Amino acid sequence: MQAPHSDLSNGDLPRIAADILARLREHRPRVHCITNSVAQNFTANMLLAAGASPSMTIAREEIVAFVESSDALLVNLGTFDAERREAAGLAIAAAQAKKLPWVLDPVLVDRAPPRAAFARELVAKGPAVMRLNRAEFSALAGAEATDETVVRYARDRKLVVALSGEIDLAADGTRMAALANGHEWMARVTAMGCAGSALVAACLAVESDAWRASVAALLMLGVAGEIAAVNARGPGSFAAAIIDALHAVDGETLIARARVT
Amino acid sequence: MQAPHSDLSNGDLPRIAADILARLREHRPRVHCITNSVAQNFTANMLLAAGASPSMTIAREEIVAFVESSDALLVNLGTFDAERREAAGLAIAAAQAKKLPWVLDPVLVDRAPPRAAFARELVAKGPAVMRLNRAEFSALAGAEATDETVVRYARDRKLVVALSGEIDLAADGTRMAALANGHEWMARVTAMGCAGSALVAACLAVESDAWRASVAALLMLGVAGEIAAVNARGPGSFAAAIIDALHAVDGETLIARARVT
Amino acid sequence: MQAPHSDLSNGDLPRIAADILARLREHRPRVHCITNSVAQNFTANMLLAAGASPSMTIAREEIVAFVESSDALLVNLGTFDAERREAAGLAIAAAQAKKLPWVLDPVLVDRAPPRAAFARELVAKGPAVMRLNRAEFSALAGAEATDETVVRYARDRKLVVALSGEIDLAADGTRMAALANGHEWMARVTAMGCAGSALVAACLAVESDAWRASVAALLMLGVAGEIAAVNARGPGSFAAAIIDALHAVDGETLIARARVT
Numbered sequence: 001m002q003a004p005h006s007d008l009s010n011g012d013l014p015r016i017a018a019d020i021l022a023r024l025r026e027h028r029p030r031v032h033c034i035t036n037s038v039a040q041n042f043t044a045n046m047l048l049a050a051g052a053s054p055s056m057t058i059a060r061e062e063i064v065a066f067v068e069s070s071d072a073l074l075v076n077l078g079t080f081d082a083e084r085r086e087a088a089g090l091a092i093a094a095a096q097a098k099k100l101p102w103v104l105d106p107v108l109v110d111r112a113p114p115r116a117a118f119a120r121e122l123v124a125k126g127p128a129v130m131r132l133n134r135a136e137f138s139a140l141a142g143a144e145a146t147d148e149t150v151v152r153y154a155r156d157r158k159l160v161v162a163l164s165g166e167i168d169l170a171a172d173g174t175r176m177a178a179l180a181n182g183h184e185w186m187a188r189v190t191a192m193g194c195a196g197s198a199l200v201a202a203c204l205a206v207e208s209d210a211w212r213a214s215v216a217a218l219l220m221l222g223v224a225g226e227i228a229a230v231n232a233r234g235p236g237s238f239a240a241a242i243i244d245a246l247h248a249v250d251g252e253t254l255i256a257r258a259r260v261t
Numbered sequence: 001m002q003a004p005h006s007d008l009s010n011g012d013l014p015r016i017a018a019d020i021l022a023r024l025r026e027h028r029p030r031v032h033c034i035t036n037s038v039a040q041n042f043t044a045n046m047l048l049a050a051g052a053s054p055s056m057t058i059a060r061e062e063i064v065a066f067v068e069s070s071d072a073l074l075v076n077l078g079t080f081d082a083e084r085r086e087a088a089g090l091a092i093a094a095a096q097a098k099k100l101p102w103v104l105d106p107v108l109v110d111r112a113p114p115r116a117a118f119a120r121e122l123v124a125k126g127p128a129v130m131r132l133n134r135a136e137f138s139a140l141a142g143a144e145a146t147d148e149t150v151v152r153y154a155r156d157r158k159l160v161v162a163l164s165g166e167i168d169l170a171a172d173g174t175r176m177a178a179l180a181n182g183h184e185w186m187a188r189v190t191a192m193g194c195a196g197s198a199l200v201a202a203c204l205a206v207e208s209d210a211w212r213a214s215v216a217a218l219l220m221l222g223v224a225g226e227i228a229a230v231n232a233r234g235p236g237s238f239a240a241a242i243i244d245a246l247h248a249v250d251g252e253t254l255i256a257r258a259r260v261t
Numbered sequence: 001m002q003a004p005h006s007d008l009s010n011g012d013l014p015r016i017a018a019d020i021l022a023r024l025r026e027h028r029p030r031v032h033c034i035t036n037s038v039a040q041n042f043t044a045n046m047l048l049a050a051g052a053s054p055s056m057t058i059a060r061e062e063i064v065a066f067v068e069s070s071d072a073l074l075v076n077l078g079t080f081d082a083e084r085r086e087a088a089g090l091a092i093a094a095a096q097a098k099k100l101p102w103v104l105d106p107v108l109v110d111r112a113p114p115r116a117a118f119a120r121e122l123v124a125k126g127p128a129v130m131r132l133n134r135a136e137f138s139a140l141a142g143a144e145a146t147d148e149t150v151v152r153y154a155r156d157r158k159l160v161v162a163l164s165g166e167i168d169l170a171a172d173g174t175r176m177a178a179l180a181n182g183h184e185w186m187a188r189v190t191a192m193g194c195a196g197s198a199l200v201a202a203c204l205a206v207e208s209d210a211w212r213a214s215v216a217a218l219l220m221l222g223v224a225g226e227i228a229a230v231n232a233r234g235p236g237s238f239a240a241a242i243i244d245a246l247h248a249v250d251g252e253t254l255i256a257r258a259r260v261t
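Residue numbers (the numbering used here), protein chains in the order written: chain Y, 1 to 261; chain R, 1 to 261; chain G, 1 to 261.
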């Protein structure tokens, strides 16, 4: 295996993330999200807080028009019904035709084999990034998530793996970063991972290097989580506070708080 | 064009809005909402805060029974799928049969031509009010939203146009009011416009003059937004605070804070 | 009618609820929820706050796999569409095959006869608990909710009735408890009852006595509501604060605050 960390100094990443955040706020990219109904409202508010503009329809009659007028696409598999599967196919085809980047979030593929099988079909269609947690990675990759298995999966599938956990990892075939920002309450708010995937899509809309975009999104989310925890009494107020924090965070704060290696 | 502001002193509107708010709280009208899944939870909580009683089913087997036992109807086109289109047809027919007022919210018709076409079909069915933003108005009316185009559209379609923006406008064919209340964070919370449309429906349930009902709803929302901003740290806590503020607002506060011309 | 309160000292219930809460936190049971899109996000966050792990898919292709790997099931009838009806049938069959307990929440059956008819079909399939409010009980039972009608309904249908209201009641055919905890804002937050039903399912996952599980869930919810009201300015901040309070509440607090007779 090629050594990770080889062709970029990860010390530059916080500054790069700050620059991506500035572009997000300037360009206000449109992000179309196929996501589950549990996650829709929180995801939309997190995108708005970051500076992006969300849309969420899955209707076959119009999803192509929405994707074609967007800057990036999220395909989240939570709630895996026939309508969303069809919507995913149409949306991905539209994104490919327009060369728009898209993110796959294979939610809970560890719980149901048909969902995992569908996720593997979508991996083959070339998402720029797959964001998921360790249990989901294991179900798809057939191996525990380690630095080595994550980098190998990313290289073999030619995508970026953005792995959420106590330590987040972002890897393409040659580069890897580990992010230690975040707060334990992030695991106690439903759709936090889904919102993270939407932020990756938003960053992809303004940054063509998918690995850098992924690191930036994970960093924004982790730093916002740390700031939110100070103002929250528990996971309920935390869910509102992380939206506030993401809305307020600036590049300087990202750089000052980043724990990226 | 007939001059707006002609047949009512708009100075009376805050007092009228206060009276409509009192009736809302007394009668607790039932408002059935066909709305998108992004907006459902926030819309339901905003209606409850205002004093109304929401229901949200779109199932063809029962939507007629729900509409028939409601006092007003909202048809919101966000998420424009076959099931919701059918539900809209059944619900509007039931509302017409019972002479219930209904509100159309043509969400994001500027993004997809099929949705705009469907919105035009629904305009022809006679909503009492259409609430929308400037981009949506332009897509439907084929002209920029100005005092003149809004009044003309309202007159030609025999409905009230309730236009949200930095300054809100409410116009029927002969009357127009401009409302300067509100806060910039309202544009950073998803479904804020959808909730505004639901409040219009709630006011229509207790006020037969659709223009006055629209002004009252826009004023309640704008004043609640101003109060909420004082207690919020950003758009996340603002979304909760505007529910608190709408729940607490009274007629005196509406009158004291109204900036209606 | 057999006297309620006969075979257990209800004075033991707070201690029993504290014990069930400890087991919830230790075992973190998986609760699969078929629930309406208005309620999904709040329900998921309430389950996470209590210590449970929610899933929410209704897709026919995978719901059986999700239920089979869960510890309890919730079937909530808000939004009563063909897809959810089919999902309910598959999920209940899977729960029965695995001997998993399930809860029925017949939301708003007082508003639409077809929904009430479907609820009656589901009652015949043997839920461990039915959680509902007084209007919904009257629609199903054909009688006002009184101590006597509730106990009789529970005995005849061989289930526990968990009735929400200013005073909550939990009854099986021989036992009844009344709970006076709670706060008026609980009725102003959409999906509060739905979340209560999900908590009953979570408690059933760790307590085989369905009546005790129901009392524990209603007590946790009522106590969390009381605590939340202290930190809230209205129903919007209350919805976040009750998640915080449920996350923080411990057995000692349950015992100290319980008003159970």
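Where is the CB? At the ideal position from N, CA and C, for every residue including glycine.
Note that the coordinates shown come from a computational prediction; the quantities given were computed from them, not determined experimentally.
Is the separation between the beta-carbon of residue i and that of residue j shorter than 7 Å?
i, j, result
"Y/V129", "Y/A195", "no"
"Y/S214", "Y/A141", "no"
"G/V260", "G/N10", "yes"
"R/A256", "R/I227", "no"
"R/L254", "R/P29", "no"
"Y/N41", "Y/T79", "no"
"Y/I92", "Y/R212", "no"
"R/D105", "R/R131", "yes"
Can you tell me whether DSSP reads residue i as helix, strand or coil?
i, result
"G/R131", "strand"
"R/A94", "helix"
"Y/L13", "helix"
"Y/R259", "coil"
"Y/P4", "Interpretation of Y/P4 is limited by its pLDDT of 47, a score under 50 that renders its predicted location unreliable; no figure is taken from the coordinates."
"R/S69", "coil"
"G/A178", "strand"
"G/V161", "strand"
"Y/D250", "coil"
"R/L122", "helix"
"G/P29", "coil"
"Y/T149", "helix"
"Y/E83", "helix"
"Y/E61", "coil"
"G/D244", "helix"
"G/R155", "helix"
"G/G234", "coil"
Tell me residue i's beta-bridge partners as DSSP assigns them.
i, result
"R/S197", "For R/S197, which the question treats as bridged, DSSP gives no partner whatsoever."
"G/V103", "G/L74, G/V129"
"G/A313", "Here chain G covers residues 1 to 261 and nothing more, so residue 313 of chain G does not appear."
"R/C203", "Answer by DSSP bridge pairing: none, since R/C203 is not bridged."
"R/I34", "R/V75"
How is the beta strand (DSSP E) around residue i delimited, first residue to last?
i, result
"G/M186", "That residue, G/M186, is in no beta strand (DSSP E); it is neither H nor E in DSSP."
"R/A170", "168 to 171"
Taking residue i as the reference, give the member of the options with the closest Cα.
i, options, result
"Y/A201", "Y/F238, Y/S9, Y/H32, Y/T57", "Y/H32"
"R/A88", "R/M56, R/F137, R/D110", "R/M56"
"R/V160", "R/A216, R/R111, R/A143, R/A191", "R/A216"
"G/L73", "G/E207, G/A95, G/H183, G/D147", "G/A95"
"R/D110", "R/M220, R/A135, R/R120", "R/A135"
"G/A205", "G/V103, G/L254, G/A224", "G/V103"
"Y/A187", "Y/V107, Y/A49, Y/E166, Y/A228", "Y/E166"
"Y/H27", "Y/A50, Y/M192, Y/L246, Y/K158", "Y/A50"
"G/G156", "G/I16, G/N36, G/P127", "According to the sequence displayed, residue 156 of chain G carries Asp and not Gly. The residue with the shortest Cα to Cα distance from G/D156 is G/P127."
"R/D168", "R/A239, R/R175, R/L179", "R/L179"
"Y/L221", "Y/L199, Y/P113, Y/G234", "Y/L199"
Taking residue i as part of the alpha helix (DSSP H), name the residues at either end of that continuous run.
i, result
"G/M56", "Run containing G/M56: none; DSSP gives neither H nor E here."
"R/I227", "210 to 231"
"Y/T43", "40 to 50"
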